[in-house]
Amino acid sequence: MAAASHTTPWLRRIAVVLAAVALLASVTTGCRPPAVEVVNVEASEEQGGRNLAPLREQVLADAKLAVEAWLSGDEEQLGAVFTQNMIHEWARARGLDENEGVERVRVHSQQEFTVSDLKEDRPRVSYKFLDDSYFVDADTGDSVSEPYGLERELVIVLVLDGESYKIDTIIGSADALR
């Protein structure tokens, strides 16, 4: 019985050390989330046997077309490239301008479009540009502000509407969106 009492503390110590090692391993590695399929939109043209190049090209082309319409301010063009949600946001921003008696003249140069998330239902495009937009008096057309002269980046969220993508949301600074 004496021999059993000597081995029991060693077994306990070993069990405690093993438990501590297991606990330490679980804390340092943490709980891992379930596997997520990551699509590298710039590297490979194929993902899971599917050629993504046509989808990326369509998303970029539709985003560029929508931004051109946004810059023009042509309401008819905007109806073809904006969702109702985005048309509402655009109208709200125009209302702010009207309340202040100004109109915004959008001038974007050095435009760069990059697909940042290629989900078929809600792809995202990063839009970087030099913003030289300014405001004019709504009555006289005289400039009432200097061009911003700022580098900006917006995230454009698109949704598939029929055969083309429309802008549903634009994420960015309030100055850039107004």
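Mapping to the numbering used here: the sequence shown position 167 is 160, numbers consecutive. Ideal Cβ positions, reconstructed from N, Cα and C, are used throughout, including at glycine.
Just how far apart, CA to CA, sit residue i and residue j?
i, j, result
"Y184", "A167", "Summary: the structure shown does not reach residue 184, with the chain confined to residues -6 through 171, and so no result is reported for it."
"I164", "L147", "6 Å"
"K159", "D132", "32 Å"
"D67", "L45", "32 Å"
"E96", "P47", "38 Å"
"A84", "L58", "19 Å"
"T162", "M79", "6 Å"
"D135", "R87", "18 Å"
"Q104", "D110", "19 Å"
"V100", "R43", "38 Å"
"V137", "F122", "22 Å"
"A28", "E156", "Reliability fails at A28, whose pLDDT of 36 lies under 50, so the model's placement of it is uncertain and the value that follows must be treated cautiously. For A28 and E156, the distance between alpha carbons rounds to 31 Å."
"Q70", "T76", "12 Å"
"T107", "L53", "7 Å"
"D130", "P140", "14 Å"
According to DSSP, which residues form a beta bridge with residue i?
i, result
"V129", "E96, S136"
"V52", "Answer by DSSP bridge pairing: none, since V52 is not bridged."
"K159", "V152"
"I80", "I80 pairs with nothing; no bridge assigned."
"S109", "BP columns for S109 are empty, so no partner."
Mind checking if residue i is an interface residue toward chain B, Cβ cutoff 7 Å exclusive?
i, result
"D135", "Chain labels in this structure do not include chain B; a single protein chain is all it has."
Taking the alpha-carbon of residue i as reference, which of the options has the nearest alpha-carbon?
i, options, result
"D124", "D135, L143, L170, A86", "L143"
"R171", "V52, A73, E93", "E93"
"Y120", "E139, L89, S102, Q77", "S102"
"S65", "V108, D130, E50, V98", "V98"
Can at least three beta-carbon pairs, one atom from the stretch 146 to 155 and one from the stretch 112 to 126, be found at a separation below 8 Å? Touching, yes.
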